[in-house]
Amino acid sequence: MTILILGGTTEAAELARHLAERHPGIAAEISLAGRTSTPKPLAVPTRTGGFGGAAGLAAYLTGRGIAAVVDATHPFAAVMPFNAAAACRAAGVPLLALRRPAWIAKPGDRWNLVATMAAAADALGSEPRRVFLTIGRQELGAFATRPQHAYLVRSIEPIGDVLDGLAVTAIEARGPFTDAEEVALMRAHRIEILVSKNAGGSQTRAKLAAARSLGLTVVMVQRPAKPPVETVAAIDAAVAWLSHHGLVPTDRGV
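Each residue of the sequence shown is one higher than the one before, starting from 7 at the first, in our numbering.
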C-alpha cells in the first residue's frame, strides 16, 4: 500500500522527506507534472508526466494499490486537483489537499487584485511601464499583446520565444531570495510594477517586501478555484491525517 503525493511543491518535498526519515518502512512516491527539466532531488521515488485525466489516474490508483493521495500541487494548478478529486472518488481512495496559505496584504502594500493573467496584463495600463514578471513561464503569453512595456522576467526554466520582439530581460533563477536581493534587482532594472501570482509560502515572499519598501504597485493574480476536499495547510496536519487513516504510526515528534 503506497501513499501518492501529487506535486513538485516545497510542501510535497517536505512531506516526502518527513515520511522517508521518520517512517522509512512506509511506501510513498511523488508524481511530478514534468514542467521543470531539473527538479530538486526528492526523498522518495518519483514519477513524471500525466496520468491521462481523471480516468487514467483512477486506473493508476487501483493498479498501484495506492492507499491515499495527498494533493500538494501548486496553488495555481487548475486541472490536477479536480482530476485527483474525481479519481479518488471513483477508486475509493482517501484524498487530502495540502495547500500553503495565500499571502495577505500588509500595511504599505499597494496590491491590485485580479482574477486572471489576462486581467493582469490589462492592469498594466496603456502607458509604457517597466514591469517585473514573477509568474513563471507558462502564462507569459498573456503579455505578448502589450509590447509597450519593458519586461524583466524571472523563471526557473528558459522562457522560449513567447515574448520575442518585446523589450525583455530574462533571468533564470530559483528562490529563495532575500529582501535585499530583491530590492537591489528591482532598483537595478528600475521596476515600476511587479506582477505575481498569490502562490503563498516563503520561497519568493521577499519580492513583496521589496515592492512594499520601494512603494511599487503589485498586480496580484488570485488563485483558481479548487474542488471541495479536505484541506490542511501544514505538514504536521497532513501526517496526522495519514495517521488517522492508519497509514503511518502516530507521530508525536512532527
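For every residue, glycine included, the Cβ atom is placed at its ideal position computed from N, Cα and C.
query, result
"Contact belief for residue 233 with residue 91 at Cβ below 8 Å, rounded distance in angstroms", "4 Å"
"Exposure of residue 14, with buried meaning 16 or more beta-carbon neighbours within 10 Å", "buried"
"Beta-carbon spacing of residue 93, residue 18 below 7 Å", "no"
"Residue 25 - DSSP class collapsed to helix/strand/coil", "helix"
"Residue of 69, 225, 156 and 16 minimising C-alpha distance to residue 126", "225"
"Own chain partners of residue 216 with C-beta closer than 7 Å, once the 5 adjacent residues on each side are dropped", "185, 188, 189 and 192"
"For residue 108, the three-state DSSP class (helix, strand or coil)", "coil"
"Residue(s) in a DSSP beta bridge with residue 304", "The first residue shown for the chain is 7 and the last is 260, placing residue 304 beyond what the model contains."
"Element boundaries [beta strand (DSSP E), containing residue 36]", "33-38"
"Sufficient close CB pairs (3 or more, under 8 Å) joining the segment 108-125 to the segment 52-66", "no"
"Heavy atom of the ligand ADP within 6 Å of residue 130 beta-carbon", "The ligand ADP is not part of this structure, which contains no ligands at all."
"Per DSSP, the bridge partner or partners of residue 157", "137 and 174"
"CB of residue 41 within 7 Å of CB of residue 136, strictly", "no"
"Rounded distance between the beta-carbons of residue 206 and residue 143, thought under 8 Å", "Not a contact, Cβ separation roughly 20 Å."
"Proximal residues to residue 33 (C-beta, below 6 Å), its chain only, five neighbours per side dropped", "8"
"Pick from 255, 168 and 248 that is closest to residue 103, judged by C-alpha positions", "248"
"Where residue 72 falls, given that 16 or more other Cβ within 10 Å makes a residue buried", "buried"
"Separation of residue 80 from residue 39, as counted between CA atoms", "10 Å"
"For residue 54, the first and last residue of its enclosing beta strand (DSSP E)", "52-54"
"Spatially closest choice to residue 139 from 132, 148 and 133, by CA coordinates", "148"
"First and last residue of the uninterrupted beta strand (DSSP E) at residue 68", "Segment 59-70 is the alpha helix (DSSP H) holding residue 68; no beta strand (DSSP E) there."
"Nearest-angstrom Cα separation, counted from residue 180 out to residue 330", "Here the chain has residues from 7 to 260 only, and residue 330 is not among them."
"Span separating the alpha-carbon of residue 272 from that of residue 67", "The structure shown does not extend to residue 272, since the chain spans only 7 to 260, so no value can be given for it."
"Distance between residue 242 and residue 154 (C-alpha atoms, nearest Å)", "47 Å"
"Assigned secondary structure, residue 193 (DSSP; H/G/I helix, E/B strand, else coil)", "helix"
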